[in-house]
Amino acid sequence: MIELQRLTKRYDKQVVVNELSLQIAEGELLVLLGGSGSGKTTTLKMINRLIEPSSGSVQLDGQDVRALPPHELRRQIGYTFQQVGLFPHMSVAENIAVTPSLVGWGATDRVRRVNELLDLVELPREIRNRRPDQLSGGQQQRVGVARALAAHPRVMLLDEPFAALDPLTRQHLQESLTRIRRELRLTAVFVTHDMVEALVLGDRIAVMQTGALVQVGTPTTLMHHPADDYVRQLLDTPRREARVVDALLADTEKGGSPR
Amino acid sequence: MTQQLSLLPAYLTAHLQLTLLALLCSTAVSLPLGVAITRVAWLGRPALGAAAIIQTIPSLALLAVMVPTLAALQLQSIGFLPAFIGLTLYGVLPILRNTVTGISEVNPAIKEAARAVGMTPGQQLRQVELPLAMPVIVAGLRTATVWTVGVATLSTPVGATSLGNYIFSGLQTRNYAAVLVGCVASASLALLLDGLVRGLEVGIRHRRTRQVVGVVSVMIALYAYTGATLALSLVPSDEHPVRIGAKGFTEQYILASLLGQWITHETGHPSTQMQSLGSMVAFDALAAGDIDVYVDYSGTLWAHVMRRTSIGVSRAEVLSEVSQFLTDEHDIDVVAALGFENAYAVAARATDADRLALTAISDLVPLGSTLSMGGDFEFFSRPEWVAIQDTYGLALAEERTMDAALMYQAVAEGAVDLISAYTTDGRITAYDLRVLDDDRGAIPPYDAVVLVNTAFTLDRPDVAAALRRLDGVITVEAMRRMNLAVDEQGEDPDRVAADFVDQLRREADGS
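The listed protein sequences derive, respectively, from chains A and B. Each residue of the first sequence is one higher than the one before, starting from 1175 at the first, in this note's numbering. Each residue of the second sequence is one higher than the one before, starting from 7 at the first, in this note's numbering.
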């Protein structure tokens, strides 16, 4: 379980995250949803201390994250992000096994774990000796997810991990992630600005705007009882877009020139 | 050529010692400093700034300023140490700059990933930042390697033996075979070391174990050889060879060799030479005890060390005052005046001298504004030139500084009208030049004198006594002949000196 209490981040006078309090239950996937500048990524990075909070606290299973040195904390938290950040001088297998190596696993355990994870993220085992630059974008992010899961983390943090992928690849990865996190009963926080992704993946969605929490709830709650106009408009985005597409198609069928 | 090649092992070893140790130290300083700069923001500007300033100092000057700097610190100021420190400083910038650039250009996303997977700052550096920055750092290391090997040839004038000994003495004595050997050897060494560093980097990057082991073995072997030979040379022997200094021109090479052969013949002591020292470097080295013996000229000491400008003083007076001064002020003994003077003189083409009726420097005064003059590296900044200008009221159209070895040719070909000739130089007659009288006595007398450090005189009285026996044995004609033999007939300074020593021995036996 993750608990954020009055979490705040200030840079000089500018408040980026303001007194944010949230609870993420065991096995739950919470989506942090918001536009750019909403403070969602900063909030995420304060959980594994890539960014240190100005005030407030983060508790992981009842323990303050500041109780451990940052590197030991991060070995217990999986992290994937949009740029993936695979180490270009290491093979796929070495990338996946990096955290297990840091915590001192033996070679045979690491090999077994790499194979398990390649299966889990649906990559062929033959690619274990390739370098990251020999993989497609989707394959790279699958390796990124495998690396984050390698040392059996208590929690997963995902920062728009699929935002740079083409729509079909993105959809495949979303499906894989849903399966993986059900299988492993992962507790996860997933940052996105993509409404469809939020609806598809999230058990609950936390909507953020200019550093503050606007509303938290299940997709259904948000859909039926939006707290304000911003949330209503946000939740309506997929249907609005669908209506635009429908109208366009109807025009074309009536004999209008296709663009 | 064979004779030149016989010197190669000694010069190459000395060159390797300088280069390899300097590179090791540059790297040991720059790598950690470079890493520190990427961690501590305020360090960057001062550290890189200082390294860049060092780099802008011309390399020859950087090595040369080490001499007075180390002397002021009471350290060995001539020989290995100044060259080594200068070279180390020179190698810092490329390695430092590339370390900083290499590390700071690692993709921020990869740095974030390294933190996020749970690496400590040390692990981030060793496992991610340094491996990714390595190609850039190695490029800096290779630049430093090539520079250091090249700049090390400039260690000769500060008294450190290097492949530069070939180049400096070869240029002065017009022995172009020697120059060629020096250049080719130095270039080959640079290519070899550069290739080793490159081979190591490629081996590591592509994880070719055998290549890495091979290259590392060669490097270890080189360092072991260098370290061992250097350590041997540092072991204090009970009796070190007599160290004879020579400035960077033909006459000095001949005289240094002559003194060495004479000492060995008379006393059985071996000797070594430190060649091509700068004029004042030689004096400072003797005063500091870094060399034991060298030949200087009374007028040079009079003007430069005593800072005297009075004109019209007799040869005997200058000699006795210089001797007294050196004993009193610098603990240096003048053990012998060799018998000849090598004075600065103003020389013109004989055809011009006839045509314009030039016999003395005074005759130049009305023509001054139409004349150009060539001088060696020091001449136009020496007090003697100031004295000539002041005494005669002489003002020339142009003063051109050039290598002394090229002056004679320059005046003979008409590139200049006058030169600052040396009176013992055989090329005055060879090139059909005429020396103009110093009719107002502006130029002091220049007796060639053998200078010995007083401590050495006390330590090796037999050597000092042998050197005293050289008093008055070399006439100006004899010196001129020897210089001409080297400069124009391509003979070896050692050979010419040996002939003279043979002749001295025969005379001694005959009497």
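For every residue, glycine included, the Cβ atom is placed at its ideal position computed from N, Cα and C.
Roughly how many angstroms separate the alpha carbons of residue i and residue j, rounded to a whole number?
{"i": "leucine 54(B)", "j": "methionine 72(B)", "result": "21 angstroms"}
{"i": "arginine 1302(A)", "j": "leucine 37(B)", "result": "33 angstroms"}
{"i": "glycine 1230(A)", "j": "isoleucine 1198(A)", "result": "16 angstroms"}
{"i": "leucine 362(B)", "j": "serine 368(B)", "result": "13 angstroms"}
{"i": "arginine 148(B)", "j": "valine 203(B)", "result": "7 angstroms"}
{"i": "arginine 474(B)", "j": "alanine 448(B)", "result": "30 angstroms"}
{"i": "proline 1227(A)", "j": "isoleucine 84(B)", "result": "60 angstroms"}
{"i": "leucine 13(B)", "j": "threonine 357(B)", "result": "43 angstroms"}
{"i": "aspartate 453(B)", "j": "valine 319(B)", "result": "13 angstroms"}
{"i": "leucine 136(B)", "j": "arginine 466(B)", "result": "57 angstroms"}
{"i": "valine 328(B)", "j": "leucine 439(B)", "result": "31 angstroms"}
{"i": "valine 507(B)", "j": "tryptophan 268(B)", "result": "6 angstroms"}
{"i": "threonine 1273(A)", "j": "asparagine 113(B)", "result": "20 angstroms"}
{"i": "alanine 77(B)", "j": "alanine 293(B)", "result": "10 angstroms"}
{"i": "alanine 28(B)", "j": "serine 239(B)", "result": "17 angstroms"}
{"i": "valine 1288(A)", "j": "valine 134(B)", "result": "20 angstroms"}
{"i": "glycine 399(B)", "j": "proline 451(B)", "result": "21 angstroms"}
{"i": "histidine 275(B)", "j": "aspartate 360(B)", "result": "52 angstroms"}
{"i": "threonine 25(B)", "j": "arginine 216(B)", "result": "26 angstroms"}
{"i": "leucine 442(B)", "j": "threonine 365(B)", "result": "5 angstroms"}
{"i": "glycine 478(B)", "j": "glycine 380(B)", "result": "32 angstroms"}
If you reduce the DSSP assignment to three classes, tell me which class residue i lands in.
{"i": "isoleucine 425(B)", "result": "strand"}
{"i": "alanine 448(B)", "result": "coil"}
{"i": "arginine 1353(A)", "result": "helix"}
{"i": "valine 71(B)", "result": "helix"}
{"i": "asparagine 1192(A)", "result": "strand"}
{"i": "glutamate 483(B)", "result": "helix"}
{"i": "lysine 253(B)", "result": "strand"}
{"i": "leucine 202(B)", "result": "helix"}
{"i": "methionine 1175(A)", "result": "coil"}
{"i": "leucine 1207(A)", "result": "strand"}
{"i": "glutamine 267(B)", "result": "helix"}
{"i": "asparagine 181(B)", "result": "coil"}
{"i": "valine 241(B)", "result": "coil"}
What residues in its chain sit with their C-beta under 6 angstroms from that of residue i, if we drop five residues either side in the sequence?
{"i": "leucine 169(B)", "result": "Tyr17, His21, Thr159, Gly188, Ala191, Ser192"}
{"i": "alanine 427(B)", "result": "Ala351, Ala353, Ile434"}
{"i": "alanine 1320(A)", "result": "Ile1270, Leu1291, Val1295"}
{"i": "proline 100(B)", "result": "Gly146, Thr149, Ala150"}
{"i": "glycine 205(B)", "result": "Val221"}
{"i": "alanine 119(B)", "result": "none"}
{"i": "valine 1381(A)", "result": "Leu1207, Val1388, Gln1389, Val1405"}
For residue i, which residues from the same chain have a beta carbon less than 8 angstroms from its beta carbon, with the 5 sequence-adjacent residues on both sides left out?
{"i": "glutamate 30(B)", "result": "Contrary to the premise, residue 30(B) reads as leucine rather than glutamate in this sequence. Same-chain partners within the cutoff: Tyr229."}
{"i": "arginine 1406(A)", "result": "Pro1400"}
{"i": "valine 1277(A)", "result": "Arg1249, Ala1325"}
{"i": "phenylalanine 174(B)", "result": "Thr162, Pro163, Gly254, Gln281, Ser282"}
{"i": "proline 74(B)", "result": "Ser83, Asp290"}
{"i": "leucine 68(B)", "result": "Ile60, Gly92, Leu95, Tyr96"}
{"i": "alanine 184(B)", "result": "Gln10, Tyr172, Ile173, Ser175, Gly176"}
{"i": "alanine 70(B)", "result": "Pro163, Val164, Gly284, Val287"}
So, for residue i: in the same chain, excluding its five sequence neighbours on each side, which residues have a beta-carbon less than 7 angstroms away from its beta-carbon?
{"i": "serine 1350(A)", "result": "Val1295, Glu1296"}
{"i": "glutamine 1383(A)", "result": "Gly1208, Ser1212, Tyr1404"}
{"i": "leucine 87(B)", "result": "Leu76, Leu81"}
{"i": "alanine 1338(A)", "result": "Gln1256, Gly1311"}
{"i": "asparagine 1222(A)", "result": "Leu1247, Arg1248, Ile1251, Tyr1253, Leu1331"}
What alpha helix (DSSP H) runs, 4 residues minimum, are completely inside the region 286-373 of chain B? 321-336, 356-362
If the cut-off is 9 angstroms on Cβ atoms, which residues from the region 1181-1203 of chain A count as contacting chain B, listed in chain order? For the region 1181-1203 of chain A, there are no residues whose beta carbon sits under 9 angstroms from a beta carbon of chain B.
Please list the residues of the region 1257-1282 of chain A that have a C-beta atom closer than 8 angstroms to any C-beta atom in chain B, keeping them in chain order. Cβ proximity to chain B below 8 angstroms picks out Gln1257, Val1258, Gly1259, Leu1260, Phe1261, Pro1262, His1263, Val1272, Thr1273, Leu1276, Val1277 from the region 1257-1282 of chain A.
Could you tell me which uninterrupted alpha helix (DSSP H) segments, each at least 4 residues in length, are contained entirely in the region 1259-1319 of chain A, listed from first to last along the chain? 1266-1270, 1272-1276, 1281-1294
Under 9 angstroms (Cβ pairs) to chain A, residues found in the region 89-120 of chain B: Asn113, Pro114, Ala115, Ile116, Lys117, Glu118, Ala119, Ala120
Please list the segments of the alpha helix (DSSP H) lying wholly inside the region 96-151 of chain B, counting only runs of 4 or more residues, in order along the chain. 114-122
What residues in the region 135-150 of chain B bring their beta carbon closer than 7 angstroms to a beta carbon of chain A? Pro137, Leu138
Ignoring anything shorter than 4 residues or poking outside the region 373-438 of chain B, list the alpha helix (DSSP H) runs there in chain order. 389-398, 410-418, 433-436
Fully enclosed by the region 1209-1258 of chain A, which beta strand (DSSP E) runs are 3 residues long or longer? 1229-1234, 1251-1255
By the 9 angstroms beta-carbon criterion, what residues does the region 386-418 of chain B contribute toward chain A? none
What residues in the region 1222-1239 of chain A bring their beta carbon closer than 7 angstroms to a beta carbon of chain B? Asn1222, Leu1224
If you measure beta-carbon to beta-carbon, which residues of the region 210-223 of chain B are closer than 7 angstroms to chain E? Absent here is chain E; the protein component of the structure consists of chains A and B.
In chain order, what residues of the region 1301-1318 of chain A put their CB closer than 8 angstroms to some CB of chain B? none
Which residues of the region 60-76 of chain B have a Cβ closer than 9 angstroms to any Cβ of chain A? Give them in chain order. none
Short-range partners of chain B found in the region 1362-1373 of chain A, where Cβ spacing is below 8 angstroms: none
Residues of the region 1319-1330 of chain A whose Cβ lies closer than 9 angstroms to any Cβ of chain B, in chain order: Arg1321, Ala1322, Ala1324, Ala1325
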